[in-house]
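Some notes on the structure that comes next.
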Amino acid sequence: MKILITGGAGFIGSHLCDFLLEKGHEVICMDNLITGNMDNIAHLFGRKEFSFVQHDVTNYIYVAGDLDYILHFASPASPKDYLMFPIQTLKVGALGTHKALGLARAKGARFFLASTSECYGDPLVHPQTEDYWGNVNPIGLRGVYDEAKRFAEATTMAYHRYHGIDTRIIRIFNTYGPRMRKADGRAIPNFITQALSGQALTVFGDGSQTRSICYVSDLVDGIYRLMNSDVDTPVNIGNLEEMTILKLAQKIIEITGSQSEIAFKSLPEDDPKVRRPDISKARKLLGWEPSVNADEGLRRTVRYFKEQL
Ligand code: UDP
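Residue numbering for the sequence shown is 10 to 318, as defined by this note's numbering.
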């Protein structure tokens, strides 16, 4: 297949470029590089099945020739990023999704939307099933991301129903691994960077809020299964290993063998108190199961960060 990946130079996008090239597909990687990074894809230049286009997909997207699949992964994705780029975050979820769907329609290509567990907001249902509509504050600081992704899902379903586009929607829960930026502001890169440099780990609030962390290779496996399935309604992909943020910080101190302490900082606005996916749908329809546990995934990620520092 000839596949366009928007956000292809980002953390998840670049792992997808690698994986799809290995599967023998042709990959066009598109990124405006506001949060993506050329270092993530540098090793792919020179491969004839790979090309890179620097472009902001909130503007008209031009791709020559046929396209079989469009994977729309472009977006700032950490709370720090979408606070720094609120308008771009709204635009890429709304206008960028619209442009990418228009391209899918013009090319007769399938369309795959990277959506998020943030669609569930600060959830009142736990664990989160795909039929839960969520609890989102539209005007809060996280609203720019949550609402853009909810709009993106709505647009995708409208193109599916009205124009008959073949679409997929994945709701990605907290994912981590090599190629996360050390300054991206999320808990795992922050804690690892802090632990490796002897600084205190900044736990927000009392650290009792929970997340369930999924290693990137498991996510990519889920994406590929969903791409090749005929499931056109949203599917959660995430790990079931739920832990408090305090426990995560302690685990990272242990794995790095760091002497760092923990410093409690104020909790950001609208920070979800709990998060864990119900993955029954992915198990049943995709035969998907996460296979890398938190200890193993964090060890691999720490190794990557050590090489970067
Ligand atoms: N967090 C923290 N310290 C940090 C960064 C994040 O305690 O240095 C907390 C954050 O408040 C949230 C959780 O860790 O409760 C996960 O945050 P992250 O930014 O990784 O992603 P989120 O799941 O909130 O989108």
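Where is the CB? At the ideal position from N, CA and C, for every residue including glycine.
Return helix, strand or coil for residue i, following the three-state DSSP convention.
{"i": "A204", "result": "helix"}
{"i": "K290", "result": "helix"}
{"i": "R309", "result": "helix"}
{"i": "V153", "result": "helix"}
{"i": "N46", "result": "coil"}
{"i": "G22", "result": "helix"}
{"i": "F59", "result": "strand"}
{"i": "R159", "result": "helix"}
{"i": "D27", "result": "helix"}
{"i": "D40", "result": "strand"}
{"i": "L276", "result": "coil"}
{"i": "E298", "result": "coil"}
{"i": "F54", "result": "coil"}
{"i": "S318", "result": "Strictly speaking, residue 318 in this sequence is Leu, with Ser absent from that position. Correct three-state label for L318: coil."}
{"i": "D239", "result": "coil"}
Residues bridged to residue i by DSSP?
{"i": "K11", "result": "E35"}
{"i": "M252", "result": "R220"}
{"i": "T125", "result": "I181"}
{"i": "N245", "result": "R180"}
{"i": "I271", "result": "L210"}
{"i": "R119", "result": "Y78"}
{"i": "G130", "result": "N144"}
{"i": "Q137", "result": "P286"}
Between residue i and residue j, which are expected to be in contact by the criterion C-beta below 8 Å, what is the C-beta distance as a whole number of angstroms?
{"i": "R284", "j": "S126", "result": "6 Å"}
{"i": "V36", "j": "F59", "result": "5 Å"}
{"i": "G194", "j": "K89", "result": "3 Å"}
{"i": "G6", "j": "E278", "result": "Lying before the first or after the last residue shown, residue 6 is absent from the chain, which here runs from 10 to 318."}
{"i": "R309", "j": "G231", "result": "Actually they are not in contact, since the Cβ atoms of R309 and G231 sit about 18 Å apart, beyond 8 Å."}
{"i": "D287", "j": "N237", "result": "Actually they do not touch by this definition, with Cβ atoms about 22 Å apart."}
{"i": "I178", "j": "L122", "result": "5 Å"}
{"i": "L25", "j": "F82", "result": "7 Å"}
{"i": "A303", "j": "E250", "result": "5 Å"}
{"i": "P243", "j": "E139", "result": "5 Å"}
{"i": "L255", "j": "A196", "result": "Contact doesn't hold; Cβ gap of about 11 Å is too wide."}
{"i": "V145", "j": "P95", "result": "Their Cβ separation, rounded to whole angstroms, is 15 Å, which puts V145 and P95 out of contact at 8 Å."}
{"i": "P85", "j": "T67", "result": "That belief does not hold up - the Cβ atoms of P85 and T67 are roughly 12 Å apart, past 8 Å."}
{"i": "T202", "j": "F54", "result": "Not confirmed; about 28 Å, so no contact."}
{"i": "E223", "j": "G207", "result": "The question names Glu, yet the displayed sequence has Cys at residue 223. The Cβ separation is near 28 Å, so there is no contact."}
Next on the checklist: List, from N- to C-terminal side, the alpha helix (DSSP H) runs of 4 residues or more that fit wholly inside the stretch 62-116.
Outcome noted: 88-93, 95-100 and 106-116
Checklist entry - Enumerated in chain order, which unbroken segments of the alpha helix (DSSP H) with a length of 4 residues or greater are wholly contained in the stretch 170-233? => result 196-205
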